[in-house]
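See below for the structure under consideration.
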Amino acid sequence: MDHGGHKRTQRGTTKARYWLMKSEPRAFSIQDLQKAPRQTTCWDGVRNYQARNFMRAMAIGDQIFFYHSNAEPPAIVGIAEVVREAYPDHTAFDPRDTHYDSKSTPEKPLWDMVDIRLIRVFDTPITLTRLREDFHVKHMELLRKGSRLSVQPVRAEEWRHILTLAAKKPY
DNA sequence: GCCAACGTTGGC
DNA sequence: GCCAACGTTGGC
Numbered sequence: 504m505d506h507g508g509h510k511r512t513q514r515g516t517t518k519a520r521y522w523l524m525k526s527e528p529r530a531f532s533i534q535d536l537q538k539a540p541r542q543t544t545c546w547d548g549v550r551n552y553q554a555r556n557f558m559r560a561m562a563i564g565d566q567i568f569f570y571h572s573n574a575e576p577p578a579i580v581g582i583a584e585v586v587r588e589a590y591p592d593h594t595a596f597d598p599r600d601t602h603y604d605s606k607s608t609p610e611k612p613l614w615d616m617v618d619i620r621l622i623r624v625f626d627t628p629i630t631l632t633r634l635r636e637d638f639h640v641k642h643m644e645l646l647r648k649g650s651r652l653s654v655q656p657v658r659a660e661e662w663r664h665i666l667t668l669a670a671k672k673p674y
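Here the first sequence stands for residues 504 to 674, where the numbers follow our numbering.
Below, the structure written as structure tokens:
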């Protein structure tokens, strides 16, 4: 039963989807997410069309690798899940915000965000170096030369493989 | 701090 | 529509 006039968009019985989202830990780290109310945050500030479109494709329950970019070391540091599907990113409306964009207005929003909730922080971050050494994940968007996409899909087999890495001892 | 790769902007 | 200039991303 659905109340409040909200469209029910949760992906019923179809397969879960997997994603990877980048954040610079100096701006917002997975530890910040851990400390946030309900361990939930809105993912604001995405100003790239491809990344935005991937967020628009997300459904409640989709799972996300939380990646630390521009970090020492760059690494997948944990898992989160989508708890609210794409809605307008209000930070684009605020001229004082660093992510302000005059092309986006409340009447015609251009940029969206989703809400995500922490599932877990890996004991051992899976570093970019380690991923590069692993042929199981060689086709990941993250590893493509010159790739800068901050929101990107992850294949189910890549997701499963990386979870097994996270369960192992570091090397 | 450096710089390659990328996306966007704007002049023409 | 082309493309140079510019700003940003993000590994190193």
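Ideal placement from N, C-alpha and C gives every residue a C-beta, glycine not left out.
All values reported here derive from a predicted model rather than from experimental measurement.
Best match in the options for proximity to residue i [C-alpha to C-alpha]
| i | options | result |
| --- | --- | --- |
| ALA659 | ILE563, ILE567, ARG599, GLN537 | ILE567 |
| ASN573 | ILE563, LEU536, SER532 | SER532 |
| HIS639 | ASP626, ILE622, GLU661 | GLU661 |
| ARG587 | ARG550, GLY564, PRO576 | GLY564 |
| ARG541 | GLY649, ASP626, LYS671, ILE622 | ILE622 |
| ASP626 | VAL657, ALA670, VAL585, ASP535 | ALA670 |
| THR543 | VAL585, ASN556, GLU575 | VAL585 |
Cut-off 7 Å between Cβ atoms - residues of its own chain near residue i, not counting five sequence neighbours on either side
| i | result |
| --- | --- |
| THR594 | ASP547, GLY548, ASP600, HIS602 |
| HIS642 | none |
| ARG550 | HIS602, ASP604, TRP614 |
| VAL624 | ILE533, GLN537, VAL580, GLY581 |
| HIS664 | HIS639, VAL640 |
| SER650 | GLU644 |
| LYS606 | LEU613 |
Cβ-based neighbour list, residue i, same chain, cut-off 6 Å, excluding 5 preceding and 5 following
| i | result |
| --- | --- |
| ALA589 | MET558, ARG559, ASP615, VAL617 |
| TYR570 | LEU523, LYS525, ILE579 |
| LEU668 | ILE629 |
| GLU527 | SER572, ASN573 |
| GLN655 | LEU523, GLU644 |
| CYS545 | MET616, ASP618 |
| ARG520 | ASP565 |
Per-residue DSSP class, three states only, for residue i
| i | result |
| --- | --- |
| THR627 | strand |
| ILE582 | strand |
| LEU621 | strand |
| LEU613 | coil |
| GLU575 | coil |
| GLU636 | coil |
| VAL663 | One point to set straight first is that residue 663 is Arg, not Val, in the sequence displayed. In this structure, ARG663 counts as helix in the three-state DSSP scheme. |
| LEU668 | helix |
| HIS509 | Note that HIS509 has pLDDT 42, beneath the 50 cutoff, so the model's placement of it is unreliable and the number below is only indicative. Reduced to three states, the DSSP call for HIS509 is coil. |
| LEU523 | strand |
Contact check, residue i vs residue j, beta carbons under 8 Å
| i | j | result |
| --- | --- | --- |
| ALA583 | ARG529 | no |
| ALA562 | LEU652 | no |
| LEU631 | PRO577 | yes |
| ARG635 | LEU646 | yes |
| PRO466 | PRO612 | Given that the chain is displayed from residue 504 to residue 674, the structure contains no residue 466 and the question cannot be resolved. |
*What residue ranges within the segment 526-569 form continuous beta strand (DSSP E) runs of no fewer than 3 residues, ordered along the chain?*
543-545
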